[in-house]
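Beneath this line is the structure, given in structure tokens, with notes to follow.
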């Protein structure tokens with residue numbers, strides 16, 4: 347099956363610093379990737395849709411200047427949390443859509459961010 | 010707007026019992042897709058099934074089965090002869106068939122199988 351990786355799997359950073367999370371589709375090309383965040387014992391909330399070669403589309407209420415998304419190639423999208431604060435601590439999950447198949451998304455293993 | 014409701018927050022059953030996880034959805038689209046994902050304690054979402062709105066046939070895959078009822082906007086998931094490894098959070102999700110096909114997730118059902 348399709349494999350999506352994320353790096354790092356967990357990260358601890360100090361308040362005010364920036365953190366970059368990578369999402370890679372390992373065995374397929376993904377023109378569209380999605381970024382979600384999940385608070386403990388809650389559902390996944392879509393943050394943004396990342397399209398290769400164009401600007402990301404952010405969901406309502408998500409600060410685009412705080413959560414920078416770059417989809418520079420067909421296999422890599424990055425999410426940078428800028429000037430992180432403790433309330434940004436969460437589980438961030440990416441998914442990549444298989445081309446040609448109606449919305450068949452495969453998810454990465456997630457990145458647990460803790461801001462101290 | 011699309012909405013997915015999983016009314017069961019947590020369910021516990023004894024191993025080998027059957028269990029059904031409910032999912033009710035709302036959408037104005039005539040073409041849409043429904044999904045079930047499993048999230049074990051490791052956190053990684055595992056794809057279980059995708060069903061399009063034109064295919065109301067029930068599906069069985071091993072111990073898993075799905076019942077899609079358009080008339081009641083439900084897409085329920087049954088695990089037969091449950092096992093401890095089935096313990097996880099299960100999410101039902103809905104997407105449209107246009108644009109970027111974003112997924113709308115339900116709030117999830119935490120299933121615990123008691124040995």
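Protein chains in written order, with the numbering used here: chain A, 347 to 462; chain B, 10 to 124. Cβ atoms here follow ideal geometry from the backbone N, Cα and C, with glycine treated the same way. Bear in mind the structure is a predicted one, so any value in this text is a computation, not a measurement.
In this structure, residue 91 of chain B lies near residue 27 of chain B, with their beta-carbon atoms less than 8 Å apart.
For residue 113 of chain B, DSSP records a beta bridge to B:103. For residue 47 of chain B, no Cβ of chain A is located within less than 8 Å of the residue's own Cβ.
At a C-beta separation below 8 Å, residue 116 of chain B has these neighbours in chain A: 388 and 389.
Between residue 77 of chain B and residue 43 of chain B a beta carbon distance of about 7 Å is seen, short of the 8 Å cut, so the two are scored as contacting.
In the same chain as residue 356 of chain A, and ignoring 5 residues on each side of it, the C-beta atoms closer than 7 Å to its own belong to 457 and 458, in chain order. Burial state of residue 18 of chain B is exposed, judged by a 10 Å Cβ sphere holding fewer than 16 other Cβ atoms. Annotation note: the region 366-420 of chain A contains the following uninterrupted beta strand (DSSP E) runs of length 3 or greater, listed N- to C-terminal: 378-384, 390-397 and 413-419. In this structure, B:98 is the residue among B:123, B:98, B:114 and B:31 with its C-alpha nearest to the C-alpha of residue 53 of chain B.
Under the three-pair Cβ rule at 8 Å, the region 407-417 of chain A counts as touching the region 425-434 of chain A. When A:385, A:411, A:420 and A:408 are compared, the shortest CA-CA separation from residue 369 of chain A is found for A:420.
Here residue 450 of chain A really is in contact with residue 59 of chain B; their C-beta atoms are around 6 Å apart, less than 8 Å. No residue range can be given for residue 72 of chain B, since it is assigned to no beta strand (DSSP E) and is classified by DSSP as neither H nor E. Secondary structure of residue 360 of chain A (DSSP, three-state): coil.
Residue 443 of chain A is classed as buried because its beta carbon has at least 16 other beta carbons within 10 Å across all chains shown.
Looking at the DSSP output, residue 14 of chain B sits in a beta bridge with B:33. Judged by their CB atoms, residue 460 of chain A and residue 360 of chain A are not nearer to each other than the 8 Å cut-off. For residue 37 of chain B, no Cβ of chain A is located within less than 8 Å of the residue's own Cβ.
Nearest to residue 400 of chain A by C-alpha distance, out of A:386, A:409 and A:378, is A:378.
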